[in-house]
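Residue numbers (my numbering): 67 to 786.
The C-beta atom is built at its ideal place from N, Cα and C for all residues, glycine as well.
Everything below concerns the one structure shown next.
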């Protein structure tokens with residue numbers, strides 16, 4: 067044996083990877099020397115009953131004894147190991163340890179409590195804590211060595227896991243904080259310092275309330291109650307205060323910490339800074355709810371506020387007024403002086419009109435030179451006339467823009483609620499009708515809608531009865547308008563559109579008869595008929611080798627009918643070869659908001675059948691981002707009124723951009739209606755919208771013509 071072996075082993079691997087240190091209390095206890103007074107039988111009993119491996123070997127490293135503890139730890143039986151070299155248990159990279167150990171034994175020195183690795187019979191490594199002592203004969207000569215080894219694999223793995231956890235906490239981008247049951251901070255990682263600005267030294271022992279704004283302090287009581295009950299607070303979005311005093315938005319998950327007896331002794335908190343995401347969301351919400359030019363509320367926000375105002379009126383027996391305003395002479399100014407001057411005029415007039423209203427009132431721009439105002443607490447006709455008069459004066463006063471004196475007036479239609487007992491959409495339609503009366507009467511004036519006279523003039527029941535007869539006589543039919551992916555020129559589906567082949571008036575579009583039955587039960591009957599006819603057409607196409615997804619429009623009340631999913635399931639069962647995912651149900655965003663819980667429940671039940679949903683005419687009605695998140699619709703359809711004019715009207719273009727942005731943010735598909743030209747398609751593709759339908763692609767057609775159209779379309783794509 068070479069005399070410099072110890073130095074070589076030490077320099078190369080610090081004694082072959084052995085870690086000489088004082089053993090932790092839970093590991094191998096010091097080997098107790100067996101005195102000469104202990105009988106051989108008693109000694110043998112101790113060795114056999116020990117959970118530790120107790121092994122003896124010769125000075126050449128040959129094993130001479132092997133107890134049951136050794137068999138349990140290393141897997142070899144006594145018969146397999148007696149007479150075998152100890153090196154059989156050593157990994158190749160650790161074999162120098164044996165030479166070092168034998169050197170120490172020959173020198174009469176013990177090797178106490180070092181941790182190393184040995185090989186189990188199965189080939190798996192075993193972490194052990196080892197103590198080795200020389201064995202002497204009766205004359206004191208060293209004749210071998212005794213070894214006690216304890217399996218510490220689990221402890222090593224736990225230490226490794228703990229070290230990895232500490233590294234994970236230290237490197238995490240999320241703030242990971244622990245606190246005691248009194249709310250005092252016990253640990254504070256690097257990300258917590260980055261997010262909140264305080265160092266670990268500044269925060270250990272401090273109350274977590276130090277991070278709370280005054281208006282959020284009650285949250286700590288709520289959180290503490292949950293933790294004491296052993297409950298987790300998952301993904302809780304709130305506001306906290308940085309060291310520099312700035313408020314940040316955070317998403318927090320808080321879990322109870324328990325001791326070994328299961329008692330809650332504190333809490334761990336993981337906090338993520340979502341301030342950039344929240345600001346982006348607020349920006350999207352502003353785009354979705356405010357006019358890009360005047361920064362007035364748009365139709366979405368107007369509908370929301372009108373609905374809330376109507377609810378207040380019901381509770382407080384108050385009255386409100388809806389004003390529909392159109393500028394007289396604005397088109398001429400726009401055409402003469404250009405859009406920039408026209409835009410500047412709209413901005414100036416919107417500020418004047420808003421200034422003439424009260425704080426509780428709402429003024430919204432709904433497109434072009436059209437505005438709608440909601441006036442609260444209108445308790446007399448005189449009060450209404452005074453406010454409307456102020457608006458007329460604000461519009462009629464000249465405006466100086468770039469040295470030009472510009473003059474317009476306004477025509478205003480007015481209706482009052484609950485005198486006009488209609489929903490929010492109908493109220494605006496009635497005010498719009500009254501506005502046209504004001505224009506016809508000479509402009510620069512207002513006209514009040516007469517709800518009772520309007521009701522008397524309606525003959526809705528006649529249309530309902532006649533449409534019921536049309537169903538029985540098979541006068542109704544479906545046309546189909548293709549939808550394409552403009553990037554790939556792939557036909558991705560068709561929309562089923564109802565038509566009435568009237569015996570006297572010819573082929574009628576939906577706008578000629580559906581508004582007349584709005585809210586009537588026959589609307590739902592028509593909806594079921596459309597779905598059934600569409601499924602039958604899909605089956606016919608399938609027989610012709612055409613697998614074509616079809617979307618159909620749902621009646622608003624069907625979304626709140628708990629029986630509708632069952633009806634739909636029965637209809638789908640009649641066509642087992644049709645994939646339910648090829649059927650898409652289109653819903654108006656306004657109809658989905660009347661009872662969001664009921665609508666969401668019905669939609670989820672339909673989604674379980676496999677059918678898809680899209681939100682139609684998006685941007686013309688009302689939907690908050692919160693509601694949009696709750697509706698299981700995979701597609702948003704941009705209303706054609708915005709798409710048609712987006713090439714010339716930058717407000718409509720801004721709305722289109724906003725809807726596409728919303729669809730991207732909420733991971734929805736987006737399709738544009740009203741694509742009338744190749745220029746529309748190219749612009750939409752630039753904005754990130756690839757799906758489209760409209761007259762620029764194809765007009766609606768009867769089902770039998772679809773096969774011929776598909777052949778022609780594939781041969782001559784409009785976009786590449």
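Buried or exposed (CB count within 10 angstroms, at least 16 for buried), residue i
{"i": "residue 369", "result": "buried"}
{"i": "residue 100", "result": "For residue 100, the predicted structure reports a pLDDT of 40, less than 50, and the residue's modelled location is therefore unreliable. A value from the coordinates is still provided. Per the 10 Å Cβ criterion, exposed."}
{"i": "residue 265", "result": "exposed"}
{"i": "residue 773", "result": "exposed"}
{"i": "residue 215", "result": "buried"}
{"i": "residue 488", "result": "buried"}
{"i": "residue 755", "result": "buried"}
{"i": "residue 428", "result": "buried"}
{"i": "residue 647", "result": "exposed"}
{"i": "residue 182", "result": "buried"}
{"i": "residue 461", "result": "buried"}
{"i": "residue 464", "result": "exposed"}
{"i": "residue 104", "result": "Any answer about residue 104 is weak, because its pLDDT of 46 lies below 50 and its placement is not dependable; what the coordinates show is given next. Flag for residue 104 reads exposed."}
{"i": "residue 557", "result": "buried"}
{"i": "residue 396", "result": "buried"}
{"i": "residue 70", "result": "In this prediction, residue 70 scores a pLDDT of 36, lower than 50, which makes its location untrustworthy; the coordinate-derived value is nonetheless stated afterwards. Exposed."}
{"i": "residue 757", "result": "buried"}
{"i": "residue 702", "result": "buried"}
{"i": "residue 768", "result": "exposed"}
{"i": "residue 770", "result": "exposed"}
{"i": "residue 262", "result": "buried"}
{"i": "residue 684", "result": "buried"}
{"i": "residue 474", "result": "buried"}
{"i": "residue 738", "result": "buried"}
{"i": "residue 548", "result": "buried"}
According to DSSP, residues forming a beta bridge with residue i
{"i": "residue 332", "result": "246 and 323"}
{"i": "residue 440", "result": "388 and 428"}
{"i": "residue 356", "result": "363"}
{"i": "residue 191", "result": "185"}
{"i": "residue 514", "result": "480"}
{"i": "residue 471", "result": "466"}
{"i": "residue 653", "result": "681"}
{"i": "residue 666", "result": "Looking at the DSSP assignment, residue 666 forms no beta bridge with any residue, so it has no partner."}
{"i": "residue 530", "result": "Bridge partners of residue 530: none, in fact."}
{"i": "residue 780", "result": "Per DSSP, none; premise fails for residue 780."}
Segment limits, alpha helix (DSSP H) that includes residue i
{"i": "residue 551", "result": "That residue, residue 551, is in no alpha helix (DSSP H); its beta strand (DSSP E) goes 542–551."}
{"i": "residue 163", "result": "162–172"}
{"i": "residue 269", "result": "266–269"}
{"i": "residue 400", "result": "396–403"}
{"i": "residue 636", "result": "630–639"}
{"i": "residue 152", "result": "Residue 152 -> no alpha helix (DSSP H), and no H or E assigned at all."}
{"i": "residue 490", "result": "490–506"}
{"i": "residue 614", "result": "Premise fails: residue 614 is in no alpha helix (DSSP H) and is neither H nor E."}
{"i": "residue 23", "result": "Outside the shown range of the chain, which is 67 to 786, sits residue 23, and nothing can be said about it."}
{"i": "residue 598", "result": "588–609"}
{"i": "residue 647", "result": "Neither: residue 647 is in no alpha helix (DSSP H) and is coded neither H nor E."}
{"i": "residue 119", "result": "Here residue 119 belongs to no alpha helix (DSSP H); instead the beta strand (DSSP E) covers 119–124."}
{"i": "residue 272", "result": "Segment: none, residue 272 is in no alpha helix (DSSP H) and carries neither H nor E."}
Endpoints, beta strand (DSSP E) assigned at residue i
{"i": "residue 179", "result": "177–185"}
{"i": "residue 563", "result": "556–568"}
{"i": "residue 140", "result": "Counting along the chain, residue 140 falls outside any beta strand (DSSP E), though it belongs to the alpha helix (DSSP H) covering 134–140."}
{"i": "residue 216", "result": "208–217"}
{"i": "residue 678", "result": "678–684"}
{"i": "residue 300", "result": "299–307"}
{"i": "residue 701", "result": "701–704"}
{"i": "residue 251", "result": "251–254"}
{"i": "residue 620", "result": "Unbroken run through residue 620: none, as it is neither H nor E."}
8 angstroms Cβ cutoff, residue i in contact with chain C
{"i": "residue 548", "result": "Of the protein chains in the structure, only one exists, and it is not chain C."}
Assess, as a yes-or-no matter, whether the stretch 448–458 is touched by the stretch 415–433 under the definition of 3 or more beta carbon pairs within less than 8 angstroms. yes
Say whether the stretch 115–128 touches the stretch 136–147, bearing in mind that this needs 3 or more beta-carbon pairs closer than 8 angstroms, one atom from each stretch. yes
Report the residue ranges of all beta strand (DSSP E) runs contained in full by the stretch 708–768; include only those spanning at least 3 residues, in chain order. 735–738
contact_flag[the stretch 191–201, the stretch 170–177] where n(CB pairs < 8 angstroms) is 3 or more: yes
With three or more beta-carbon pairs closer than 8 angstroms as the criterion, would you say the stretch 757–765 touches the stretch 532–539? no
For the stretch 272–286 against the stretch 242–251, are there 3 or more C-beta pairs whose distance is under 8 angstroms? yes
Per the contact definition of three or more C-beta pairs closer than 8 angstroms, is the stretch 739–756 in contact with the stretch 709–721? yes
Spell out a yes or no on whether the stretch 714–723 and the stretch 509–517 are touching, meaning 3 or more CB-CB pairs, one atom from each, closer than 8 angstroms. no
Pairs of beta-carbons, one from the stretch 565–575 and one from the stretch 592–607, closer than 8 angstroms: are there three or more? no
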